[in-house]
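*Asks:*
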Amino acid sequence: MRLPLAFAPAFGLAAGLLAALPAAAEPYAMDRSHAAVIFSVDHVGFSVIHGRFNDFSADIDYDPENLAGSSVSFTLQAGSIDTGWDARDQHIKSGDMLDVENHPEITFVSKSVEVISDTQAKVTGEVTIKGVTNEETFDVTLNKTGPSPLDPDVTVVGFTIEGELDRTAYGVDYFAPAVAATMPVRIDLEASPAK
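Residues -25 to -1, 1 to 170 in mature numbering (1 follows the signal peptide of the UniProt record, and there is no 0) are what the sequence shown spells out, letter by letter.
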């Protein structure tokens, strides 16, 4: 179809603008075998207890050309908490703390990404624990992007996400502040474009 000559400049301008727009973020699939959600808690100054969640999932939309347009959400199964001591884990799962029977999931849903550098960003979003939602900001490090060592046709991207949560802000205040309220949190993950 030929455009009338009068419309050609406008069409060319629109095409140029569209070409300049960043591509939309695309779904990436987390490699669950190379991902971890870990945390630590100071125990009355005597020691630091380390724990993890063994059951979690992530929805990742990632655009390497426009990091600010990327997004992520995590869902942790609260009952999968593992601190290496079953009696403690059962207490954490109880109504005194996480109350997993009534609040089986812990979630994070990103709202914005602030790009700091080619490898650093801050992601802000809503964390929900025990039915309480607060806005939190985490530091994100892009560790590496490259072909998979198992399949060079597959691109792998690796991230480390770090921050701190005040558990008392979510109603998990048992034995605080003797057992620290502020908990460092770290997520390590690898992901590839979803098939």
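Ideal Cβ positions, reconstructed from N, Cα and C, are used throughout, including at glycine.
All values derive from a computational prediction rather than experimental measurement.
Throw me the rounded Cβ distance for the residue 204 and ALA156 pair, which I believe falls under 8 Å.
*Replies:* Since the first residue shown for the chain is -25 and the last is 170, residue 204 is missing from the structure and cannot be characterised.
*Asks:* Who are the Cβ neighbours of ALA4 in its own chain at under 7 Å, not counting the five residues just before and after it?
*Replies:* ALA166, SER167 and ALA169
*Asks:* Near SER15, what residues of its chain come up, given a Cβ to Cβ distance below 6 Å and the 5 sequence neighbours on each side ignored?
*Replies:* VAL23, HIS25 and PRO159
*Asks:* Go ahead and pull the three-state DSSP assignment for SER22.
*Replies:* Residue state, collapsed to three classes: strand.
*Asks:* Can you give me the start and stop residues for the beta strand (DSSP E) that ALA96 sits inside?
*Replies:* Counting along the chain, the beta strand (DSSP E) containing ALA96 begins and ends at 95 to 104.
*Asks:* Contact between the segment 139 to 154 and the segment 60 to 77 is defined here as three or more beta-carbon pairs at a separation below 8 Å; is this criterion met?
*Replies:* yes
*Asks:* Indicate the three-state DSSP secondary structure (helix, strand or coil) for PRO(-4) in the structure shown.
*Replies:* Bear in mind that the predicted position of PRO(-4) carries a pLDDT of just 48, short of 50, making it unreliable; the figure below should be weighed with that in mind. It is coil, neither helix nor strand.
*Asks:* Do ASP34 and ALA(-1) have their beta-carbon atoms positioned less than 8 Å apart in this structure?
*Replies:* no
*Asks:* If we call anything under 8 Å between Cβ atoms a contact, is ALA53 one with GLU89?
*Replies:* no
*Asks:* Nearest-angstrom Cα distance between ASP36 and VAL47?
*Replies:* The straight-line gap from Cα to Cα measures roughly 6 Å.
*Asks:* May I ask you to report which of helix, strand or coil DSSP gives GLU89?
*Replies:* strand
*Asks:* With respect to the beta strand (DSSP E) encompassing ALA33, which residues constitute its N-terminal and C-terminal limits?
*Replies:* Note, ALA33: beta strand (DSSP E), 31 to 37.
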